[in-house]
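Participant:
Protein chains in written order, with our numbering: chain A, 1 to 524; chain B, 525 to 1048.
1) Quick one: residues in its chain with C-beta nearer than 6 Å to the C-beta of residue 293/A, no 5 flanking neighbours on either side, listed in chain order?
2) Report the start-end ranges of each beta strand (DSSP E) in the stretch 981–1021 of chain B that is 3 residues or longer and not cut off at the edges.
3) Excluding the 5 residues flanking residue 525/A on each side, which residues of the same chain have their C-beta closer than 6 Å to its C-beta?
4) Do residue 168/A and residue 162/A count as a contact pair if the criterion is CB distance below 8 Å?
5) Can a CB atom of chain B be found closer than 8 Å to the CB of residue 250/A?
6) According to a CB-to-CB cut-off of less than 7 Å, which residues of the stretch 1018–1034 of chain B neighbour chain A?
7) Quick check on the DSSP output: the alpha helix (DSSP H) that includes residue 800/B runs from which residue to which?
8) When the cut-off is 8 Å and only beta carbons count, does residue 513/A lie next to chain B?
9) Of the choices 727/B, 898/B, 782/B and 656/B, whose alpha-carbon is the least far from that of residue 855/B?
10) Strictly by DSSP, which residues pair up with residue 561/B?
11) Just by C-beta distance, which residues in the stretch 461–484 of chain A are closer than 9 Å to chain B?
12) Count the other C-beta atoms from every protein chain shown that fall within 10 angstroms of the C-beta of residue 66/A, then say buried if there are 16 or more, exposed otherwise.
13) For residue 923/B, which residues does DSSP report across the bridge?
14) On a CA-only basis, which of 270/A, 55/A and 500/A is nearest residue 466/A? Give me that one, please.
15) In its own chain, which residues sit with a C-beta less than 6 Å from the C-beta of residue 929/B, not counting the 5 before and 5 after it?
16) Any residues in the stretch 437–448 of chain A with a beta carbon nearer than 9 Å to a beta carbon of chain B? Which ones, in chain order?
17) Measuring CB to CB, does residue 861/B end up less than 8 Å from residue 751/B?
18) For the candidate residues 470/A, 514/A, 426/A and 70/A, whose alpha-carbon lies nearest to that of residue 281/A?
19) From the DSSP secondary-structure annotation, give me the bridge partner or partners of residue 273/A.
20) With residue 527/B and residue 558/B assumed to form a contact (beta carbons below 8 Å), what rounded beta-carbon distance in angstroms separates them?
21) Any beta carbon of chain B sitting closer than 8 Å to that of residue 54/A?
22) Ends of the beta strand (DSSP E) at residue 690/B?
23) Could you list which residues in chain A have their beta carbon closer than 7 Å to that of residue 663/B, in chain order?
24) Quick one, are the C-beta atoms of residue 564/B and residue 536/B less than 8 Å apart?
25) Give the straight-line distance between the Cα atoms of residue 471/A and residue 401/A, rounded to the nearest whole angstrom.
26) According to DSSP, is residue 625/B helix, strand or coil?
27) Which residue or residues does DSSP assign as beta-bridge partners of residue 127/A?
28) Within its chain, find whatever has a CB closer than 7 Å to the CB of residue 451/A; leave out the 5 residues flanking it on each side and keep chain order.
29) Mapping DSSP to helix, strand and coil, what is residue 590/B?
30) List, in order along the chain, the chain A residues whose C-beta lies closer than 7 Å to that of residue 666/B?
31) Starting from residue 615/B, trace the beta strand (DSSP E) both ways and give me its first and last residue.
32) Locate the beta strand (DSSP E) running through residue 215/A, then write down its first and last residues.
33) How would you write the range of the alpha helix (DSSP H) that residue 1050/B sits in, first residue to last?
34) Opposite residue 974/B in the DSSP bridges: which residues?
35) Assuming residue 507/A contacts residue 127/A under a Cβ cut-off of 8 Å, what Cβ separation, rounded to an integer in Å, is found between them?
36) Can you have a look at residue 91/A and say buried or exposed, based on whether 16 or more other CB atoms are within 10 angstroms of its CB?
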């Protein structure tokens, strides 16, 4: 399939008049064909307006119709075959196996959302029957369910060219909820975006859905994305990226005449707490697991464990020795973009220049502008508490060991942590019994608590919560992974004394969809 | 019970050093004893910090413990007896029967939330069992449920001294969710607030809950409330009041280093669409119902119908004649505060001076600074579309009839509406069949759709949605009335491979609370 390098705006393609940019292969440093054209101001307006116009009809579609769309998108992506894998590998430097696995996850989550909306109970239908004879006032018949919020802007993520991009989790959740989607492609993998965008557009057309249910816009800077978030037709935003980028979108959305929700996944250092019993039992195994998690994908995961808490009084020499050896022996590897690599190297340099931070081990690093080398640092608990910059995310294969001097300091550090996507505990049963208060503090700081595991790898399932308090995300009330992600693009609507024949099927008295509902307060 | 006029800060009372103010009886214009003292900066900090410290222990309480607290609060409020009713009547000018009914609703909703958390299924527990043998990677055991967001600030509403104030819906929802509450009293009914505050504090103490689960702060301006919303211990805000006031709090919350959710209920004109068949069948009855709804409580309800849509081609003389007569004959009545009365009179004057607005009828109005007189105005659809100020809420016993000239203009007006708490349709079966597209547009604009009824009166039940898109509320994903309000103060947390014995009871494998859960995707 030949790339055109132009935006997909409803049923047509954008012009080739906007500013151009092209993708770079980070492994070979070669520029990749073709030139991509940024969407013009008029094209941004057209995509958002088409989404607004389509939102009424698309919001009125049945769960079955949305399930058919989601399944058709998965099929169209699979039909792209090797061309998609090759382009995604070229644009990201990620290995073929990883991209194939990510494609499987992307199609798998589209089908998981399809199954959910096909079944239908996800809308949380509630029925309270009326009572015309109630005194002193009749009781009305009141029924509610979740309905779509309206058009959603989805920003592609640098580090997941498929699973958090054009047809990734936010797009699947928004389409499942009944919301049209306008995607802003990531400038680092526009060809991958165009291929998947063509697949989504084909699925929308083959399902007979209105123009505007899907658009894909290109742009190399912040103009296109900012204009989309400002557009009055847009009602919610999904974003995965840097803290500065996410906060900028939050601020734009909050300053609109009509503020809108922003779901930005931004920054997390995913602390790992290693308790004494676990350290004594399996320090070496924990070191191996940590090394694997820190260096997986050259450390370019939002769940990368960037902080490890260890008691200063503990003999951690086995764990730290093993970890240092494994990190030193890790091969330097290609990162996603030159910008990510520079930020990583700057962060390593900052740690190295910090007199309160000790470098325990580091892999050999060349001066190459696209590769990252693993590193492990150590600091005292007091230093960590005194220097908030040590909580800054360092996106890449590095981690910081913090040695706390007392139980009190451990609790101080736990309380001082910013919001996190994940927090992990390594412990024995005795450790847990001894640290009940710590666990309670940590629960307030994160969306996901893990026990005796490692945070990288996020299971796509019904119970997953990939979210957490700010700055892990902009809105800790939500998850970006798993079927609960559908809720971020919905709002409850209630119907009072509404005639049965025009109620949504989910709320009709006869329950024609046979879904689970809360009827007069009881599950039925 | 003697009023002290000082804030309630955890287990102690605030100082009498801050700025003072007192309440006024709007019916008699007399100042009421005692002087109330605004909380000092140090007291604001202390209340918020105590709430933060209490949030871990209170968040860990069982549903049974929270149910006991909610029921104890209701009992303590009832124990206040006539003293509470007398004070609330004196501070608001509302009649005794209304205050008694509101007290019943307030205690009723506390007990409804108690029943919900006692039963326990509201936490939306989800369990996905693991599979250690899955290839290529083991599947983890993942379990999630809703957990409290942390301390909540609740602002008392001018128009509901009990049901949307110290122990009103937001406080009940927050305490049910497991969140400590800091209430900012309304300056117009501080004595009512102190009485209820004493009741809540007594309940917290009798239930053996930690200091800081509840505080009540006084203040006459915006300083105390703004400082609370800025405080780092505060994690969410509930507010009912003006659009300007709510937006100011939204802007403060969005600008924090850690932005937090604000649930502000602000402004709604609650459009009523009267379709041709309904007009022909029962125009006079609709007029009577409209009059009752517009003038109920001197029009001081957020669900007051301030806009009525009628086709220009229809003979509406019977409806308009009856409505005009009823409105003219309505007695002028005491409003809640001088400020509300002035805003209402200014709005009436603005309509009267607008050459595109015709005054159909008005009750006789004296120059009194505390009374409001009913009025009904009329404008053409084109004028309404051309003048966005005609969508501004006019808080008081007035409504605007808009005569649309065509189906196209009707749809334009529906599309141009701002977000609403309620939208009402009066129609026959044939009307509804003929207006399917209108209904689809209107659904995107509101939290509650009513059929052949009137929007005032909000049933407290499981399915109620008292919310809607901006500016009806700051966050259309939520309701402030009914049990679904609990969700606004929660966030999902998941536990991966977490040992069964330290999982919350709601997620333990044996389901010791016997709650409804989603297990491996199926309701169980």
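For glycine and all other residues, C-beta sits at the position ideal for the given N, C-alpha and C.
Facilitator: In this structure, then:
1) 305, 454 and 456
2) 1014–1020
3) Chain A is shown from 1 up to 524; residue 525/A falls before or after that span and cannot be answered.
4) yes
5) yes
6) 1018, 1019, 1020, 1021, 1022, 1023 and 1026
7) 800–819
8) no
9) 898/B
10) 544/B
11) 461, 462, 463, 464, 465, 466, 467, 468, 469, 470, 471, 474, 475, 476, 477, 478, 479, 482, 483 and 484
12) buried
13) 900/B
14) 270/A
15) 836 and 905
16) 437, 439, 440, 441, 443, 444, 446, 447 and 448
17) no
18) 426/A
19) 309/A and 425/A
20) 5 Å
21) no
22) From DSSP, residue 690/B is part of no beta strand (DSSP E); its letter is neither H nor E.
23) 459
24) no
25) 21 Å
26) helix
27) 143/A and 519/A
28) 425
29) helix
30) 459, 461, 463 and 464
31) No beta strand (DSSP E) holds residue 615/B; the alpha helix (DSSP H) holding it covers 606–616.
32) 214–217
33) This structure cannot speak to residue 1050/B, because chain B is shown only from 525 to 1048.
34) 496/A and 948/B
35) 7 Å
36) buried
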